[in-house]
Amino acid sequence: MIITITSTLWSITTIDNRAIVQLETSMGTIIIRLFPDEAPNTCKNFLSYVNEGYYNNTIFHRVIDGFIIQGGGFNKDLKAKKTKEPIRNESRQGLSNIKGTVSMALTIDNNSAASQFFFNLANNKDLDYTTQKGKGYTVFAEVIDGERVLEKIQKVRTKRIMYYSELYKRNVPLHDVPEEAIILTKATVLRNNKKVTEKKE
């Protein structure tokens, strides 16, 4: 099956219907493969942020050893980046938050996923969808390279800070922030582990 994701200037085609994204960080490179069949809207949303360069020079702002590594929402000054409208939750698709998967972060609303995502460092099945009223975190990708990078990141020292939240309109605590910034320098869509050729529309 062939899927084409089109932006204003160029298009990306993945033959196997599963886009591959490379995440270059200050601690090494991580490569993930998406699940577009199980989480189509989530994958489309994530790829749109990647294609627009939104994730470049953001940080991983939450690191909990043996649990998750979260990023995709703050710049290096720990200022929250403006996002698009949140998307509908797709956590009922059957994929589980097991070790090595990548999921979308949420606020208090079940349909609040925007740009932030996290790596599962363990089998976090308590984050899965369970009931009609329960909150589930949508799995949309899996790590296919860079496990050692994640192992290094989860061991860094962290701290608690205060920052201004646009959601709550006041200063709120932010826990488990790395003492030394871990930067996502660049996110790039790949095909067969090679950069996709850009072509004019």
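Mind the numbering: the sequence shown is residues 19 to 219 in our numbering, read in order.
Just so it is clear, CB atoms sit at the ideal spot from N, CA and C, and this is done for glycine as well.
Can the beta-carbon of Leu-168 be found less than 8 Å from the beta-carbon of Leu-139? yes
Run through the stretch 37–104 for me and flag every whole beta strand (DSSP E) of 3 or more residues, listed as ranges in chain order. 38–43, 46–52, 76–82 and 86–93
Just how far apart, CA to CA, sit Leu-41 and Tyr-186? 30 Å
Per DSSP, the bridge partner or partners of Ala-159: Leu-52 and Val-120
Rounded to the nearest angstrom, how far is the Cβ of Ala-57 from that of Val-157, given a contact under 8 Å? 7 Å
Since Met-122 contacts Phe-137 with CB under 8 Å, what's their CB separation in whole angstroms? Contact flag wrong, Cβ pair sits at about 12 Å.
Close beta carbons around Ile-201, own chain, < 6 Å, minus the five adjacent residues each side: Ser-44 and Ile-77
Backbone secondary structure at Ile-171 - three-state DSSP: helix
Taking contact to mean at least 3 C-beta pairs separated by less than 8 Å, is the stretch 103–110 in contact with the stretch 190–204? no
Could you check how far apart the C-beta atoms of Asp-146 and Ser-114 are, in whole angstroms? I think they sit under 8 Å. 5 Å
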